[in-house]
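Let me begin by presenting the structure, written as structure tokens, before commenting on it.
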Amino acid sequence: MDALLFLIFATIAVVCGVNVVVQSHPISSAVSLIGVMGSLAVLYLLLGAEFIAAAQVIVYAGAIMVLFIFVIMLLNAGGETRRGRSLMAQLLGVPLLIAFLGLMAFFVERVFPGSPRVHFGSFQGGTAQAVGRALFTQFLLPFEVISVLILIAILGAVVLAQKEMD
Amino acid sequence: MNFFLLSLIKAAVVAFVLLTTLAYLQWVERKVIAHIQVRIGPSRVGPHGLMQPLADVIKLITKEDLIPPYVNKFLYLLAPFLAVTMALLSISVIPFGGGFTIFGDNTWMQLTDLNIGVLFVLAISSVGVYGIALAGWASNNKYSLLGGLRSSAQMISYELPLSLAIAAPLLLANTLSLRQLVERQSGYYLGFIPRWNVFQGPIPQILSFIIFLIAAFAETNRIPFDLPEAENELVAGYHTEYSSMKFAAFFMAEYANMVTVCSMTTTLFLGGWLPLWPESLGSSYLPSLVFLGAGAVALYHGLNPVRKPDRITLPVVAVVFFVLAAIFLIPAGHAVLAPLFWFAAKTGTLLFVFIWVRGTMPRFRYDQLMGFAWKFLFPVAVVNLLITGLMVAVFS
């Protein structure tokens, strides 16, 4: 059952990911990216990291992608125009890509032979309690540093926006 | 009975009750706003307008369902689907009552108790914003686009104080599961004051309750925060170009969001399905008393009717209320029905407050609305969280 769900949602994630590139209108690409985020959240759930799954949907799919969509709507970006592409690029593109990915998979298997298989549900540190405890004991310094980084980003955004208003 | 079949039956019951509630919530809203404005409201379609929701559903289904040729078809059709799916999905984690036994299986009056229940509701409402943003954009209409953008900007701005207001009682309860949140509000101080989160030590969550309620008004696009869909401002906002069932989907989504935020308020702050005073002091008899009182009032007005049809309809209503009171008197039903009554009473009171505010207050201008969120409500929510954290750290 876990393997079947993984197969379904991984396929959805890959198809949506390819669709991001293939679509001609940026809004359609953004909506496909939301599909990728949702499928990733389900994959996190399958692995047992439920807090990360919820955070993925709330933060990434629910706030960051909304911001992307706002910007695209406000910029009134139209669809791309398809100019003529060379026939050779169209015929050779996808087979070469598949061959390249196959080669990469072969090399990864050669360099890391017999990597441990993923057992769905064997990860115990995915609850909110475990993540919270880790963030405030083991990973306290990176946590504080990241919050300072976000503060710098916010201040930078405020300064940039103000300059354009003058 | 195996788990799958039981869950299917529970889901069917909850879906049926929810959809009927949505339809009659619209009837209640129209009648209450009418009486606030000293008029009657729907009164012709069936006794006291009770068949009005049915007439509205038939009208919406049989309307011409046209898709304008200038819209982006896929997103135009995806938007109401997203809106209504997300709105109906968040009911699946709300606890309606305690545990009960059916055909030998112990089960809860809740569709599923996730151990990240609160995060699930927040996630679903975050994704629900897309329904409105995409509807506004896909309609290829400047009023829709402006309405959609304003509405979704408002919703994501008010999600911040909403989440911070949720975080404060979570500090008291130490759990994200909605059922455990309610169970940690059980018990009484001094024998009669309930330990709901609005009353609970070390710090009563009254400020969080108020912040959550204000942010909930903005999240569901209700007055005083409903500029993006006000009729005299933007035609009809993001659902201008929608007709028939797709419009009904947005309508249903708005009312379902209202029910969801009222249920969340009840669960987080008002003790969910727990009674107001202990059962040892007789709180299980309150439902019967309320229904008996309502039946008596209906009977009295039926005997001195204002309008002629009331001579028949009001005594029928009185009989229905007396039957309900009798059902709540059965001792076997107490454990199952009394929590349900308390949950419905608290949620219903909050829904009445939503409708009351709609009939009473004017609406904010859009820049006042956004300024209020970022410059006032968000800092207040942060300060509230800090105070709660300080009190919890010092006193436990």
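As you go down the protein sequences, you meet chains A and B in turn.
Residues 1 to 166, numbered by my numbering, are exactly what the first sequence covers, in order.
Residues 1001 to 1396, numbered by my numbering, are exactly what the second sequence covers, in order.
The beta-carbon is built from N, C-alpha and C at its ideal position, and this holds for glycine as well.
Subject >> residue 1099(B) - partner residues in DSSP beta bridges >> reply: Under DSSP, residue 1099(B) takes part in a beta bridge, and its partners are 1108(B).
Original post:
Any idea what DSSP makes of residue 1362(B), helix, strand or coil?
Top reply: In the three-state reduction of the DSSP assignment, residue 1362(B) falls in the coil class.
Subject >> Backbone CA spacing between residue 106(A) and residue 1004(B) [nearest angstrom] >> reply: Their Cα atoms are separated by approximately 42 Å.
**OP:** Check whether the Cβ atoms of residue 1087(B) and residue 1162(B) sit closer than 8 Å, and answer yes or no.
**Re:** With contacts defined by Cβ atoms closer than 8 Å, residue 1087(B) and residue 1162(B) do not form a contacting pair.
**OP:** Taking residue 47(A) and residue 123(A) to be in contact with their CB atoms under 8 Å, please state how far apart those CB atoms are, rounded to whole angstroms.
**Re:** About 6 Å separates the CB atoms of residue 47(A) and residue 123(A); that is less than 8 Å, so the two are in contact.
**OP:** Can you give me the Cβ contacts of residue 143(A) inside the same chain, cut-off strictly under 7 Å, excluding the 5 residues immediately before and after it?
**Re:** Result list for residue 143(A): 135, in chain order.
**OP:** Could I get the ranges of all uninterrupted alpha helix (DSSP H) runs contained in the stretch 5–48 of chain A, with 4 residues as the minimum, in chain order?
**Re:** Whole alpha helix (DSSP H) segments, 4+ residues: 26–47.
Subject >> Spatial neighbours of residue 20(A) in its chain, beta-carbon cut-off 6 Å, leaving aside the 5 residues before and after >> reply: 29, 32 and 33.
Original post:
Between which two residues does the alpha helix (DSSP H) carrying residue 1195(B) extend?
Top reply: Note, residue 1195(B): premise wrong, no alpha helix (DSSP H); not H, not E.
**OP:** Output, in chain order, the set of chain A residues within a Cβ distance shorter than 9 Å of residue 1130(B).
**Re:** Ordered by position in chain A, the residues that pass the 9 Å Cβ test against residue 1130(B) are 31, 34, 61, 62, 65, 66 and 69.
Subject >> Under 7 Å (Cβ pairs) to chain B, residues found in the stretch 41–60 of chain A >> reply: Listed by position, the residues of the stretch 41–60 of chain A near chain B (Cβ gap below 7 Å) are 50, 51, 54, 57 and 58.
Original post:
Cα-Cα, which of 1329(B), 1048(B), 1210(B) and 1259(B) is closest to residue 1283(B)?
Top reply: With respect to the C-alpha of residue 1283(B), the residue from 1329(B), 1048(B), 1210(B) and 1259(B) having the closest C-alpha is 1329(B).
**OP:** May I ask you to report which of helix, strand or coil DSSP gives residue 1189(B)?
**Re:** The answer is strand: DSSP assigns residue 1189(B) an E or B state.
**OP:** Can you tell me which of the three DSSP states residue 1027(B) falls into?
**Re:** Assignment of residue 1027(B) by DSSP, reduced to helix, strand and coil, places it in the helix class.
Subject >> Interface partners of residue 198(A) on chain B, CB under 9 Å >> reply: Chain A is shown only over 1 to 166; residue 198(A) falls outside these bounds and no answer can be derived.
Subject >> Whole-angstrom distance between residue 120(A) and residue 43(A), CA atom to CA atom >> reply: One C-alpha to the other measures close to 10 Å.
Subject >> Within chain B, partners of residue 73(A) - CB distance below 9 Å >> reply: Under the 9 Å cutoff, chain B gives 1133, 1136, 1137, 1145, 1148 and 1149.
Original post:
Residue range of the alpha helix (DSSP H) that residue 1052(B) falls in?
Top reply: Counting along the chain, the alpha helix (DSSP H) containing residue 1052(B) begins and ends at 1052–1062.
Original post:
Between the stretch 1076–1086 of chain B and the stretch 1121–1131 of chain B, do at least 3 Cβ pairs fall closer than 8 Å?
Top reply: As far as the Cβ criterion goes, the stretch 1076–1086 of chain B touches the stretch 1121–1131 of chain B, which means the pair count is three or higher.
Subject >> Residue environment, residue 86(A), which counts as buried when at least 16 other CB atoms sit within 10 Å >> reply: Of the other Cβ atoms in all chains shown, fewer than 16 fall within 10 Å of the Cβ of residue 86(A); this residue is therefore exposed.
Original post:
With distances taken from CA atoms, which of 1114(B), 1140(B), 1174(B) and 1144(B) is nearest residue 132(A)?
Top reply: Distances from the CA of residue 132(A) to each of 1114(B), 1140(B), 1174(B) and 1144(B) were compared; the closest alpha carbon is that of 1174(B).
**OP:** List the residues of chain A whose Cβ lies closer than 9 Å to the Cβ of residue 1126(B), in chain order.
**Re:** From the beta-carbon of residue 1126(B), the residues of chain A found nearer than 9 Å are 57, 58, 59, 61, 62, 63 and 66.
**OP:** Consider the Cβ of residue 127(A): report whether some Cβ of chain B lies at a distance smaller than 8 Å.
**Re:** Chain B contact via Cβ: present.
**OP:** Use the C-beta contact count for residue 1368(B): other C-beta atoms within 10 angstroms, 16 or more gives buried, fewer gives exposed.
**Re:** Exposed, because fewer than 16 other Cβ atoms sit within 10 Å of the Cβ of residue 1368(B).
**OP:** Scan the stretch 1231–1280 of chain B and note each continuous alpha helix (DSSP H) run of 4 residues or more that stays entirely inside, going in chain order.
**Re:** Listed in chain order, they are 1231–1234 and 1244–1269.
Original post:
Is the beta carbon of residue 1116(B) sitting closer than 8 Å to the one on residue 1176(B)?
Top reply: Yes, Cβ-Cβ distance for residue 1116(B) and residue 1176(B) is below 8 Å.
Original post:
CA-CA distance, residue 1104(B) and residue 1002(B)?
Top reply: If I take the Cα positions, the gap works out to 11 Å.
Original post:
Residues of chain A with a CB under 8 Å from the CB of residue 1119(B): which are they?
Top reply: Near residue 1119(B) (Cβ distances below 8 Å), the residues of chain A are 51, 54, 55, 58 and 128.
Subject >> Under 8 Å between C-beta atoms of residue 1179(B) and residue 1108(B) >> reply: Yes; because the gap between Cβ atoms is below 8 Å, this pair is in contact.
Original post:
Would residue 1123(B) count as contacting chain A if we go by Cβ distances under 8 Å?
Top reply: By this cut-off, residue 1123(B) is an interface position.
Original post:
Can you tell me the Cα-Cα spacing of residue 1398(B) and residue 1258(B), whole angstroms?
Top reply: Look at the range of chain B in this structure, 1001 to 1396, and you will see that residue 1398(B) is not part of it.
Original post:
Helix, strand or coil: how does DSSP classify residue 119(A) here?
Top reply: Correct three-state label for residue 119(A): coil.
Subject >> Whether residue 1118(B) touches residue 1170(B) by CB criterion (8 Å) >> reply: Result yes, Cβ atoms of residue 1118(B) and residue 1170(B) sit closer than 8 Å.
**OP:** For the stretch 1159–1192 of chain B, enumerate the residues whose C-beta is nearer than 7 Å to any C-beta of chain A, in chain order.
**Re:** Listed in sequence order: 1176.
**OP:** Could you list which residues in chain A have their beta carbon closer than 9 Å to that of residue 1116(B), in chain order?
**Re:** Within 9 Å Cβ-Cβ: 50, 51, 53, 54, 127 and 128.
Subject >> residue 1203(B), buried or exposed, once every other Cβ within 10 Å from all chains shown has been counted against 16 >> reply: Flag for residue 1203(B) reads buried.
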